[in-house]
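Chains as they are written, first to last, in our numbering: chain A, 445 to 697; chain B, 445 to 697.
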């Protein structure tokens, strides 16, 4: 971040900082070709929800944390964008939950895997954590998927009962659900296939979600299981966006 | 495009093809670091307008064409994304209008300028056109802008009375309007500063807009001046998005 010179008082500072983080990650070889385009789509949806954690997202976040804390074998799955935007906080979360992090990328190349695994190991050292980082030696397959994107680790994703998979592809999300797992999706687009497939979908920006999870844990805030309906959750998000747009439409009158 | 293997019957074919075009352009050095993120934002808004030319966009397109056809010194300003997505059709349009195309990029580097200028010259040869391509030797400045982004050509942007500037930065758009020009903006985000600043804003995807303009010209469809209110135009777009979302919200009920 040394070369990021924007003024923190700039109204678009957070957004510019995230862009910069992703451009740096792209230069390091952490991202697939489509990663920046995906981030841009996220930016547009984030703008429509007001670049904030809305109530229904916070509710989903708390239910997600309850599931992760009470899981037998929780796991956090990260790809390039997730690592670039929220690597440190998700490593802290894994440490709190005492669970592994697994690098699990859609366009798997040895180079990208190495860069991402090294990046997470450096976070372990920097933050003095001891999180188990999986993904280097996949020894299992997600049933129903073809090719390298099916690869996973037996002691991580394969055996997990609850999985946090931010920014995940729709097909993979569906395959994980079909394995009987509780799948926690983080996606800014409430209409995406992943959002619709997830057991719990947090429609929020991944770095805010990670910070919220850490903050709830570190403040020792109690989370308890409440009835959760993911379709209703997504509908509340759509209604929020709709209302924002109605207000924006009025503003231009 | 030789290495693009998606099936044209794929429901997301157009979107995948555009992504591929931009990724190729990025590899050739045509794009700034933020270009793919900007494209992703566009994708999200395009999804919300239904990936189609809506009526108010077609109306704006026709009014834009009327202005370009009756201008004394029309010019088409292109950046990296515009060139990648609609270079050929905008060169055809310039040929029909007998006006220059000026390469005009926000993050101006000699390398990017050279790659873009060469790409357009190759289109001239491939399509047997004789369009004047400006931008290599800027000899004027847009008042009110600082640094390299103020640079332009006297015989192109500087002296134009009507300018088509797809995917333009808000500040530059504002500076062009302040010069007294009729500024035709193409932007998928109806809430962007450029969209709000433009004289005529076409809220549509640039390759569709270019195809529509060529089609109107080649079918010798008459375009006549009608009263045009850009605020009203943008409001109709927001209402369209709002209505789409309302329908999508209902679908999930």
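All residues carry an ideal CB built from backbone N, CA and C; glycine is no exception.
Span of the beta strand (DSSP E) around residue i
i	result
residue 589(B)	Residue 589(B) -> no beta strand (DSSP E), and no H or E assigned at all.
residue 601(A)	Per DSSP, residue 601(A) belongs to no beta strand (DSSP E) and is neither H nor E.
residue 610(A)	606-610
residue 645(A)	644-646
residue 662(A)	Premise fails: residue 662(A) lies in the alpha helix (DSSP H), 650-662, not in any beta strand (DSSP E).
residue 546(A)	545-547
residue 626(B)	626-630
Rounded C-alpha distance that separates residue i from residue j
i	j	result
residue 445(B)	residue 570(B)	Residue placement at residue 445(B) is poorly supported in this model, since its pLDDT is 43, which falls under 50; the coordinates are not used for a value here.
residue 458(B)	residue 490(B)	12 Å
residue 651(A)	residue 522(A)	13 Å
residue 653(B)	residue 659(A)	47 Å
residue 616(A)	residue 565(A)	25 Å
residue 604(A)	residue 454(B)	34 Å
residue 691(B)	residue 684(B)	11 Å
residue 699(A)	residue 464(B)	Outside the displayed span of chain A (445 to 697) sits residue 699(A), for which this structure offers no information.
residue 596(B)	residue 655(A)	45 Å
residue 469(A)	residue 520(A)	20 Å
residue 562(B)	residue 661(B)	27 Å
residue 688(B)	residue 646(A)	22 Å
residue 697(A)	residue 686(B)	A caution first: residue 697(A) carries a pLDDT of 49, below 50, which makes its placement in the model unreliable, though a value can still be read off. Roughly 15 Å separates the two Cα atoms.
residue 480(B)	residue 557(A)	22 Å
residue 657(B)	residue 639(B)	19 Å
Reference residue i; option with closest CA among the options
i	options	result
residue 592(A)	525(A), 467(A), 583(A)	583(A)
residue 667(B)	489(B), 474(B), 453(B), 507(B)	507(B)
residue 664(A)	510(A), 630(A), 555(A), 646(A)	510(A)
residue 673(B)	533(B), 653(B), 641(B), 654(B)	641(B)
residue 505(B)	644(B), 679(B), 686(B)	644(B)
residue 599(B)	626(B), 546(B), 617(B)	546(B)
residue 517(B)	542(B), 561(B), 471(B)	542(B)
residue 622(A)	648(A), 586(A), 636(A), 681(A)	586(A)
residue 579(B)	465(B), 554(B), 568(B)	554(B)
residue 460(B)	478(A), 691(A), 646(A), 473(A)	478(A)
residue 624(B)	606(B), 657(B), 501(B), 677(B)	606(B)
residue 512(B)	530(B), 529(B), 526(B), 540(B)	540(B)
residue 588(A)	670(A), 581(A), 620(A)	620(A)
residue 567(A)	527(A), 679(A), 648(A)	527(A)
residue 551(B)	618(B), 669(B), 676(B), 473(B)	473(B)
residue 514(A)	678(A), 669(A), 675(A), 602(A)	669(A)
Simplified DSSP state of residue i, which is helix, strand or coil
i	result
residue 516(A)	coil
residue 488(B)	helix
residue 481(A)	helix
residue 621(A)	helix
residue 682(A)	helix
residue 445(A)	Because residue 445(A) sits at a pLDDT of 43, beneath the cut-off of 50, its placement in the model cannot be relied upon, and the following sentence gives the value as read from the coordinates. Correct three-state label for residue 445(A): coil.
residue 577(B)	strand
residue 521(A)	strand
residue 476(A)	coil
residue 450(B)	coil
Residue interval of the alpha helix (DSSP H) (run including residue i)
i	result
residue 559(B)	554-570
residue 526(A)	524-541
residue 462(B)	457-471
residue 639(A)	637-641
query = Pairing CB atoms from the segment 474-492 of chain A with CB atoms from the segment 475-486 of chain B, are three or more of them under 8 Å?
reply = yes
query = Quick check: the segment 495-505 of chain B against the segment 491-511 of chain A, are there 3 or more CB pairs under 8 Å?
reply = no
task = Answer yes if the segment 597-611 of chain B comes into contact with the segment 628-635 of chain B, meaning at least three C-beta pairs across the two stretches below 8 Å, and no otherwise.
result = yes
task = Take every Cβ of the segment 565-581 of chain B, pair it with every Cβ of the segment 535-542 of chain B, and state whether three or more of those distances are shorter than 8 Å.
result = Output reads yes: the segment 535-542 of chain B touches the segment 565-581 of chain B.
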